[in-house]
Amino acid sequence: MAALCFNNEICHRCCYLRTIKMKGNPGWKAITFFLIVMFCFGMCWFLHMELYMQRSYPSVHEMCIPGDAASKAEILISNYSRDHPVFLQLSDYFWVKNKSIYPLPYGTNGSEELLMKFLALTNHYQVPEEIRRLPCRRCVIVGNGHLLKNSLLGETINKYDVVIRLNNAPVHKYEKDVGNKTTMRLFYPESADFDPELDNNPDTLLVLVPFKPLDIQWMKIILNNEKRVRKGFWKMPPIIWEGEAENIRILNPYYMAVTAIQILESENMTAIPTTGMLAMTFALHFCDMVHIAGFGYPALTNKKQPIHYYEKVTMKSMAETGHNITLEAQAIKRLLQQGIISNLTYF
Ligand SMILES: *[C@@H]1O[C@H](CO)[C@@H](O)[C@H](O)[C@H]1NC(C)=O
Ligand SMILES: *[C@@H]1O[C@H](CO)[C@@H](O)[C@H](O)[C@H]1NC(C)=O
Ligand SMILES: *[C@@H]1O[C@H](CO)[C@@H](O)[C@H](O)[C@H]1NC(C)=O
Ligand SMILES: *[C@@H]1O[C@H](CO)[C@@H](O)[C@H](O)[C@H]1NC(C)=O
Ligand SMILES: *[C@@H]1O[C@H](CO)[C@@H](O)[C@H](O)[C@H]1NC(C)=O
Ligand SMILES: *[C@@H]1O[C@H](CO)[C@@H](O)[C@H](O)[C@H]1NC(C)=O
Ligand SMILES: *[C@@H]1O[C@H](CO)[C@@H](O)[C@H](O)[C@H]1NC(C)=O
C-alpha cells in the first residue's frame, strides 16, 4: 500500500503541501499538519480500495462453488454430460473401436487405427492427480488477444488452479501481462510452438486438438522419430519438437462437436470452432469456475490493429481460416450475458 501511495499523484501533492511553509503559530501548524496527513491517508486508502475492487471483479477470490459451471452449462447445452473422457484413451480403441459418427475434427470415425498406434506410444491419458483431487476447479482461459498487452494481468492469471493457453501464445517475456503458469496448452501442428519448453512449465499438458488424421500422424512421427511428412499442412509445423510423451494428450473431439452444434449452432458444422471457442466448451465440462481473458477481435474494418498480444498479424489473417468470427463473438457474448463465464479483461 505504501508503494501504491507514493506512486500516486494525490499523495505526491500531499507531500508537496507538507513542505509548503505554513504561516501562523506553532499550535495551528501542528493541527494543520495533522489534518493534512489524516486526509492523505484517507485518500490513499480510498484509492487503494477502489483500485482493489475494480481489479477483483470478477476475481479468482470469488467463492468457487462446486458444480457451478455444470449447473449453468446444462441449461445451454442439451444432453450436457461430464461422463466423457477428457482425453482420448487407448482402451477405447484397443479392445473396442469406439463408434463415432463423425470424422475429425468432430469425432474419431475413420481414425481409429491411427489413434490406437498413437495412444500406445504415449501411455498417459489422465488429468494430473493434483487437479483431479481439487474440490473446486477455478479455471482461466487466456486468449491471445491484443488487449492483454499492458494489462498487468499476469499475477491474477497465475492464481487460478487451471490456466489454459492456446496455440503458440508466448509466456516468456510477457509474464507481467499473461502470467507464467500453464496447466494445459491446446494446439494443433500448424499452431505448435517451435520451442515448447520455453513457454510452458515442465508439467504443462500439451493437448493436441486434431483437426485431421494427419495431425495425429504428425505427433506420432515426432514421438517415434519417423520420417517427417511435409504435405497436407496449411502451414509448416515444427519438424523438431521437444515435447515429453508423458505430457502429451489428445483432446476428446466430443468437445469440438458440442462447440459446433450447440455453442455456435453452426449449420451442418460448416463453421469450424477456433481453439479458443473450443477451450471454453471444454472448460464448461471440466471446471467449476470459468473465467476468460484476452478474448475479442478488433472490428473487421480496423485493418491495422494487431489481433494478438505478441505479434503483428491483423484481421486479414482470419479471413480464410474456415472460422466464423462473427458467430463466435455472438456465442461468447451469450455465455457472458448468461453469466456462464466471466470476462477478466475489462479495464
Ligand atoms: C440429445 O440426446 C437425444 C437422445 O439421445 C438425441 O435424440 C438428441 O439428438 C441429442 N441432442 C443433441 C443436441 O445432441
Ligand atoms: C467410448 O465409448 C465409451 C463406452 O461406450 C464411452 O463412455 C466414451 O465416451 C467413448 N469415448 C469417446 C472418446 O467418445
Ligand atoms: C463412420 O463413417 C462411415 C463413412 O462415412 C459411415 O458409413 C459410418 O456409418 C460411420 N460410423 C458410425 C458409427 O456412424
Ligand atoms: C513464475 O515466475 C515466478 C517469479 O519469477 C517464479 O517464482 C515461479 O516459479 C514461476 N512459475 C512457474 C510455474 O514457472
Ligand atoms: C446442410 O445440409 C442440408 C442437408 O444435407 C442441405 O440441404 C443444406 O443446404 C446444408 N446447408 C449448408 C449451409 O450447407
Ligand atoms: C457466419 O455465420 C453466419 C450465421 O450462420 C452467416 O450468416 C455468415 O455468412 C457466416 N460468415 C462467414 C464468414 O462464413
Ligand atoms: C472483455 O473485456 C474487455 C475490456 O472491457 C473488452 O475489450 C473485451 O471485448 C471483452 N471480451 C469479450 C469477449 O467480451
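In the numbering used here, the protein residues as written are 5 to 351.
Beta carbons: idealized from backbone N, C-alpha and C, even for Gly.
Model, not experiment: these values are computed from the prediction.
Through-space distance from residue j to residue i, alpha-carbon basis
i, j, result
"Leu348", "Gln342", "16 Å"
"Leu138", "Ile252", "21 Å"
"Leu339", "Glu78", "12 Å"
"Asn148", "Thr208", "18 Å"
"Phe45", "Tyr84", "52 Å"
"Ile168", "Ile35", "55 Å"
"Gln58", "Lys239", "Any answer about Gln58 is weak, because its pLDDT of 47 lies below 50 and its placement is not dependable; what the coordinates show is given next. Straight-line Cα distance between these residues: approximately 41 Å."
"Met319", "Lys307", "6 Å"
"Gln334", "Lys121", "39 Å"
"Lys216", "Leu92", "15 Å"
"Ile135", "Thr274", "34 Å"
"Ile243", "Leu202", "17 Å"
"Lys231", "Pro241", "14 Å"
"Ile225", "Leu118", "11 Å"
"Ile344", "Ala173", "25 Å"
"Ile105", "Tyr258", "11 Å"
"Ile336", "Ala297", "12 Å"
"Ile254", "Leu210", "8 Å"
"Val317", "Trp245", "24 Å"
"Ser346", "Val294", "7 Å"
"Asp165", "Ser75", "20 Å"
"Pro70", "Arg234", "46 Å"
"Pro30", "Gly183", "53 Å"
"Cys9", "Met42", "Caution applies to Cys9, whose pLDDT of 42 falls short of 50 and renders its modelled position unreliable; the model cannot decide the point."
"Lys3", "Tyr192", "Here the chain comprises residues numbered 5 to 351, so residue 3 is not present and cannot be evaluated."
"Glu116", "Lys103", "9 Å"
"Ala6", "Leu157", "Only weak support is given to the placement of Ala6: the predicted model assigns it a pLDDT of 40, under 50, and the question is left unresolved by the model."
Reference residue i; option with closest CA among the options
i, options, result
"Phe237", "Thr263, Leu119, Ile226, Asp219", "Asp219"
"Phe299", "Ile311, Lys307, Gly247", "Ile311"
"Thr330", "Leu268, Gln309, Phe37, Thr318", "Leu268"
"Ala313", "Asp181, Glu332, Ile345, Lys231", "Inspection of the sequence shows that residue 313 is occupied by Tyr rather than by Ala. Per the Cα distances, Asp181."
"Ile145", "Met281, Glu315, Gln309", "Met281"
"Ile276", "Met260, Ala283, Met47", "Met260"
"Trp222", "Ala73, Leu39, Ala196", "Ala196"
"Leu288", "Tyr129, Lys33, Gln266", "Gln266"
"Thr285", "Tyr301, Glu332, Lys316", "Glu332"
"Gly326", "Thr187, Tyr129, Pro109, Arg86", "Pro109"
"His150", "Ser115, Ala303, Asn328", "Ala303"
"Val213", "Gly158, Val175, Thr279", "Thr279"
"Thr126", "Glu194, Gly247, Val175", "Gly247"
"Ala124", "Asn29, Glu194, Leu94, His88", "Leu94"
"Val175", "Ala73, Asp292, Glu315", "Glu315"
"Leu190", "His128, Asn162, Asn256, Ser82", "Asn256"
"Val90", "Pro132, Gln309, Glu159, Glu324", "Pro132"
Terminal residues of the beta strand (DSSP E) in which residue i lies
i, result
"Leu80", "Note, Leu80: premise wrong, no beta strand (DSSP E); alpha helix (DSSP H) at 72 to 80."
"His88", "Counting along the chain, His88 falls outside any beta strand (DSSP E), and DSSP gives it neither H nor E."
"Arg253", "252 to 254"
"Ile168", "166 to 170"
"Arg142", "142 to 146"
"Leu190", "188 to 191"
Where the alpha helix (DSSP H) containing residue i begins and where it ends
i, result
"Met1", "For residue 1 there is no data in the structure shown, the boundaries of the chain being 5 and 351."
"Ile244", "From DSSP, Ile244 is part of no alpha helix (DSSP H); its letter is neither H nor E."
"Lys163", "Careful: Lys163 lies outside any alpha helix (DSSP H) and carries neither H nor E."
"Ala124", "116 to 126"
"Arg136", "133 to 136"
### Task
Pull every residue with its beta-carbon under 5 Å away from any heavy atom of ligand 1, and keep them in chain order.
Ser82, Asn83
### Task
Mind listing, in chain order, the continuous alpha helix (DSSP H) runs of no fewer than 4 residues lying wholly within the stretch 271 to 336?
279 to 290
### Task
With ligand 4 as the reference, list in chain order each residue whose Cβ lies under 5 Å from any of its heavy atoms.
Asn184, Lys185, Asn205
### Message
I'd like the ranges of any alpha helix (DSSP H) spanning at least 4 consecutive residues and lying wholly in the stretch 196 to 248.
### Response
217 to 228
### Task
Please list, following the chain, all residues that have a C-beta closer than 7 Å to any non-hydrogen atom of ligand 5.
Glu271, Asn272, Thr274
### Message
Which residues neighbour ligand 3 when neighbourhood means a C-beta less than 5 Å away from any of its non-hydrogen atoms? List them by chain order.
### Response
Lys103, Ile105, Asn113
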